[in-house]
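Chains as they are written, first to last, in our numbering: chain X, 1 to 224; chain A, 225 to 449; chain R, 450 to 505.
Think of the CB as a built atom: it goes at the ideal place given N, C-alpha and C, for glycine as much as any other residue.
Structure, as structure tokens:
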Amino acid sequence: MKVIDKILLGLSATGMIALMYLVFMVVPADRAQGIVQKVFYVHVPAAWVAFTAFGVTGFFGLRYLMTRDLRFDRLAASSAEVGVYYITMVLITGPLWAKPIWGIFWTWDLRLTTSFILWLLYLAYLILRRSVGDRERRAQLSAVVGLISFLDVPIVYMANRVRASQHPAPVVGGGEGSGLEPIMLFTLLFGLFVFSTTFVLLLRARNGQAALEDEIEQLYLQRD
Amino acid sequence: MSFWRVVRAVLARDVLAEWRRKDIFTTFVMFGLLTVVVFVFAFDPTRHERQDVVPGALWTAFFFAGILGLNRSAGRDSQDEFLHGMITSPADRGALYLGKLTAHLVFMGVGELVILALSIVFFDLDGRHLTPAFFAIMILGTIGYLAVGTVFAVVGQKTRLQEVMLPVLLLPVLTPLLMAAVEGTAIILTPGANEGLGHWIQLMAAFDVMFMTAGFLLYGLVLED
Amino acid sequence: MPNNFWWLFASYAVIWSGMFIFVMQLLSRQAKLRREVDHLLRERGGRGASDGDIQA
Numbered sequence: 001m002k003v004i005d006k007i008l009l010g011l012s013a014t015g016m017i018a019l020m021y022l023v024f025m026v027v028p029a030d031r032a033q034g035i036v037q038k039v040f041y042v043h044v045p046a047a048w049v050a051f052t053a054f055g056v057t058g059f060f061g062l063r064y065l066m067t068r069d070l071r072f073d074r075l076a077a078s079s080a081e082v083g084v085y086y087i088t089m090v091l092i093t094g095p096l097w098a099k100p101i102w103g104i105f106w107t108w109d110l111r112l113t114t115s116f117i118l119w120l121l122y123l124a125y126l127i128l129r130r131s132v133g134d135r136e137r138r139a140q141l142s143a144v145v146g147l148i149s150f151l152d153v154p155i156v157y158m159a160n161r162v163r164a165s166q167h168p169a170p171v172v173g174g175g176e177g178s179g180l181e182p183i184m185l186f187t188l189l190f191g192l193f194v195f196s197t198t199f200v201l202l203l204r205a206r207n208g209q210a211a212l213e214d215e216i217e218q219l220y221l222q223r224d
Numbered sequence: 225m226s227f228w229r230v231v232r233a234v235l236a237r238d239v240l241a242e243w244r245r246k247d248i249f250t251t252f253v254m255f256g257l258l259t260v261v262v263f264v265f266a267f268d269p270t271r272h273e274r275q276d277v278v279p280g281a282l283w284t285a286f287f288f289a290g291i292l293g294l295n296r297s298a299g300r301d302s303q304d305e306f307l308h309g310m311i312t313s314p315a316d317r318g319a320l321y322l323g324k325l326t327a328h329l330v331f332m333g334v335g336e337l338v339i340l341a342l343s344i345v346f347f348d349l350d351g352r353h354l355t356p357a358f359f360a361i362m363i364l365g366t367i368g369y370l371a372v373g374t375v376f377a378v379v380g381q382k383t384r385l386q387e388v389m390l391p392v393l394l395l396p397v398l399t400p401l402l403m404a405a406v407e408g409t410a411i412i413l414t415p416g417a418n419e420g421l422g423h424w425i426q427l428m429a430a431f432d433v434m435f436m437t438a439g440f441l442l443y444g445l446v447l448e449d
Numbered sequence: 450m451p452n453n454f455w456w457l458f459a460s461y462a463v464i465w466s467g468m469f470i471f472v473m474q475l476l477s478r479q480a481k482l483r484r485e486v487d488h489l490l491r492e493r494g495g496r497g498a499s500d501g502d503i504q505a
């Protein structure tokens with residue numbers, strides 16, 4: 001294992017433990033929502049990573065289109081494969097948060113809807129990749145679709161914001177940063193940091209495998 | 225060949241081909257109409273609140289029928305080797321895109337008008353509601369739909385899943401456009417002030433500009449073998 | 450408030466199991482790939498690839 005990966009692993013592991021300690025031992029429960037609100041400290045970082053990972057996919061797709069270097073395509077694909085896990089976590093923890101607070105598992109509010117669409121975009125991208133055999137064509141088509149999909153995300157957000165302003169509805173998690181005490185903000189930021197280092201670690205791991213997979217494909221082709 | 229000549233050439237070729245075969249148009253209108261009928265029966269034809277269903281029914285019909293139409297178009301181009309012809313020609317890829325997009329606009333636009341006319345009868349819609357704003361939304365929505373759809377239809381043809389790939393790729397990307405079109409249409413059809421309509425129209429216009437630009441720049445890349 | 454605890458517990462359980470499952474999938478795929486590369490390289494004549502990491 002390379003040095004950087006060891007560092008990332010160390011940071012992520014100790015970071016996660018420290019985060020759990022902060023969330024359960026240090027941070028006070030929210031006055032309005034009670035103890036359930038603590039989901040916030042993993043739900044938000046997971047969302048942050050999920051959206052960033054999709055941007056990484058779009059970005060490296062673009063780099064591939066500019067250079068035709070498969071290394072970029074591998075990074076784009078790996079980011080999507082890791083990111084889809086994070087967005088799935090967001091979609092599961094969201095209802096688990098909403099149910100005790102609002103009594104309903106789901107609401108088509110701004111953030112949940114945008115997250116759900118992101119999930120669909122991820123899935124479409126991954127299904128596309130599985131559906132093209134030729135290596136270069138897969139990279140090319142994925143890059144185009146990934147780019148267009150990523151450009152769509154801010155528009156999805158804006159559309160839902162307009163709808164939210166015209167049809168008031170419950171918002172999972174309350175307003176943006178409503179009543180955050182300093183220690184809560186610190187824990188949130190710390191969570192963002194830990195989730196980010198974990199993401200980079202997983203991205204590198206998955207990307208290394210993707211390189212191996214391509215290598216193997218090359219070896220098979222040479223053999224025949 | 226100059227840029228606009230290519231656009232006209234592609235448009236002419238497609239319209240002519242369709243004039244002879246008429247299958248894209250027929251598919252679109254048939255399926256669109258049936259979708260509207262399904263909505264009518266799914267939401268109880270005797271209820272007066274059925275009016276609320278109209279914007280959703282219309283746009284669902286357009287979106288789903290559009291997929292069938294796009295698949296017909298791309299599938300035919302693939303079979304005819306027209307796709308191959310486009311790639312091997314030295315023509316500007318952006319011009320090819322605009323030509324294709326315009327042709328699709330013609331087919332879908334006319335098809336939508338037919339479906340709309342019949343829907344007016346089925347839903348007993350008030351003709352006074354068909355203001356310029358109403359048609360503006362129809363045009364903006366259709367342009368946005370086809371801006372992305374024209375590109376993704378070709379992508380789909382190049383995958384193992386073929387026709388199935390298009391809706392999987394297209395529908396998630398188009399959700400904000402669908403939202404805007406339905407909400408905007410609903411605002412227009414509801415008696416009273418057209419408040420909030422501006423936001424939706426702006427959003428659709430932004431969507432159209434952004435994705436027409438993206439399609440213009442990227443179409444050539446999906447055409448490539 | 451104590452009865453909402455189980456919802457909180459469920460959320461964190463999902464996060465942790467999700468991560469665990471993902472890492473396990475990565476590790477098992479890594480092992481399988483390694484075996485395959487070794488096999489192919491030995492077939493070609495020579496040693497396996499177990500020495501260096503093939504990282505992008």
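For a test of the three-state rule: what should DSSP assign to residue i, helix, strand or coil?
i, result
"X/G34", "strand"
"A/G335", "helix"
"X/P95", "helix"
"X/L221", "helix"
"A/L393", "helix"
"R/M450", "Note that R/M450 has pLDDT 49, beneath the 50 cutoff, so the model's placement of it is unreliable and no number is given."
"A/L354", "coil"
"X/T14", "helix"
"A/L385", "coil"
"A/M178", "As displayed, chain A neither begins before 225 nor continues past 449, which places residue 178 of chain A out of reach and without an answer."
"X/A29", "coil"
"X/R68", "coil"
"A/F440", "helix"
"A/S226", "coil"
"X/L201", "helix"
"R/D502", "The predicted position of R/D502 is uncertain, since its pLDDT is 49 and thus under 50; no value can be drawn from it."
"X/G146", "helix"
"A/L349", "coil"
"A/G422", "helix"
"X/D73", "helix"
"A/T374", "helix"
Nearest to residue i by CA position, among the options, is which residue?
i, options, result
"X/V145", "X/M25, X/M184, X/R161 and X/F60", "X/F60"
"A/T355", "A/T409, A/M403 and A/I248", "A/T409"
"X/Y21", "R/M468, R/K481 and R/Y461", "R/Y461"
"A/M254", "A/P415, A/I291, A/L427 and A/R352", "A/I291"
"X/T14", "X/Y157, X/L147, X/G55 and X/T198", "X/T198"
"A/L442", "X/A143, X/L11, X/F193 and X/L121", "X/A143"
"A/V378", "A/V338, A/L402 and A/D449", "A/D449"
"A/L398", "A/L364, A/G422, A/L385 and A/G420", "A/L364"
"X/Q37", "X/S79, X/I216, X/A80 and X/P100", "X/P100"
"X/L185", "X/A50, X/F40, X/D134 and X/G10", "X/F40"
"A/A319", "A/I339, A/R232, A/E407 and A/G380", "A/R232"
"A/V330", "A/T437, A/R237 and A/S343", "A/R237"
"A/K246", "A/G323, A/S297 and A/V262", "A/S297"
"X/I148", "X/F116, X/V200, X/N207 and X/G55", "X/G55"
"X/V44", "X/L188, X/T67, X/A139 and X/R138", "X/L188"
"X/A32", "X/W102, X/Y122 and X/R137", "X/W102"
"X/N207", "X/A29, X/L75, X/F24 and X/Q166", "X/L75"
Give me the Cα-Cα distance between residue i and residue j, rounded to the nearest whole angstrom.
i, j, result
"A/Y321", "A/A429", "19 Å"
"X/D152", "A/G368", "12 Å"
"R/E492", "X/A205", "27 Å"
"X/A18", "R/F471", "21 Å"
"A/N295", "A/F288", "11 Å"
"X/I4", "X/V194", "15 Å"
"X/E181", "X/A47", "21 Å"
"X/T88", "A/F440", "33 Å"
"X/L203", "X/Y86", "12 Å"
"X/F51", "X/L192", "12 Å"
"X/W97", "A/P279", "33 Å"
Is there at least one Cβ from chain C nearer than 8 Å to residue i's Cβ?
i, result
"X/G15", "Absent from the structure: chain C. Protein chains present are X, A and R."
>> Report the start-end ranges of each alpha helix (DSSP H) in the region 278-315 of chain A that is 4 residues or longer and not cut off at the edges.
In response: Complete alpha helix (DSSP H) runs here, min 4: 278-303 and 306-312.
> Would you call the region 383-403 of chain A and the region 123-130 of chain X touching, i.e. three or more CB-CB distances under 8 Å?
Replying inline: yes
>> For the structure I just gave you, are there three or more beta carbon pairs, one from the region 469-488 of chain R and one from the region 202-219 of chain X, closer than 8 Å?
In response: yes
> How do the region 331-351 of chain A and the region 235-255 of chain A stand: do at least 3 beta-carbon pairs fall below 8 Å, yes or no?
Replying inline: yes
> Counting Cβ pairs, one atom from each stretch, are 3 or more of them under 8 Å apart for the region 308-324 of chain A and the region 274-294 of chain A?
Replying inline: no
>> What ranges does the alpha helix (DSSP H) occupy inside the region 105-135 of chain X, keeping only unbroken runs of at least 4 residues that lie completely in it?
In response: 110-130
> Given 8 Å as the limit, is there contact between the region 100-108 of chain X and the region 400-420 of chain A, that is, 3 or more CB pairs closer than that?
Replying inline: no
> Below 8 Å, can you find three or more Cβ-Cβ pairs linking the region 110-124 of chain X to the region 158-165 of chain X?
Replying inline: yes
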